[in-house]
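See structure below.
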């Protein structure tokens, strides 16, 4: 079999470049004293419960569209919430999505960029440029030839549309790319549907999706730490 030298590396964001969001858009936000004070100032009697309720509703709306591979509109999901309150909640949830990257991520991405074309392909909930700004602050954004987030793109993994669009923007065929993610049912599945080789980042026997094994296609390769990636890619040619 002819070796296919890797030209492009596609990266997931949550769980690969930065931590997964704890509590799905509410755990940190409801403990934020500034947010709570601002909501009280907007006339919200029980701001902690309001944050919790909004997070739960967004999570359910997101889950309901999973099989369709589409995204909920947060403004429609929270349409009954007063506009000023809704805006502040969505801003807080966006801030929560944009957590600091892992300490080693910038160095790994910079190293990869010297040899490969890079793109980011990530599922997320809140539309906007908050994640792009987080990557820019970390010095990672400048290394990316493309960056796609599902909340803005409109489709999400395991649908392969974002993977294919990233490859189109990079100008690289699927057979010359790899996709690095931490979930079999979304990342590995999207890569397979796009005919891209997959690398599963698995830090422990339990994936970030839960303590039980999660159904999904088998990856082509497995690593335990993102810092192993350059060495694996070197072996692939």
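Residue numbers (my numbering): 1203 to 1439.
All residues carry an ideal CB built from backbone N, CA and C; glycine is no exception.
In terms of CA proximity to residue 1271, 1357 leads the group 1357, 1370, 1405, 1433. Taking a contact as a CB-CB distance under 8 Å, the pair residue 1352 and residue 1426 does not count as one, their CB atoms being some 26 Å apart.
Looking at the backbone, the Cα of residue 1333 and that of residue 1432 are separated by about 24 Å.
Distance from residue 1378 to residue 1419 at the Cβ level is roughly 20 Å; contact not present, criterion being Cβ atoms closer than 8 Å.
Apart from the 5 residues on each side of it in sequence, residue 1404 sits with its Cβ closer than 6 Å to the Cβ of 1424 in its chain, given in chain order. When the five nearest sequence neighbours on each side are left out, the beta carbons in the same chain lying within less than 7 Å of the beta carbon of residue 1372 are those of 1210, 1319, 1321, 1347, 1348, in order along the chain. Residue 1286 is a Cβ neighbour of residue 1244, given a cutoff of 9 Å. For residue 1363, the uninterrupted alpha helix (DSSP H) segment begins and ends at 1363-1372. Residue 1231 sits in a helix when the DSSP states are folded into three classes.
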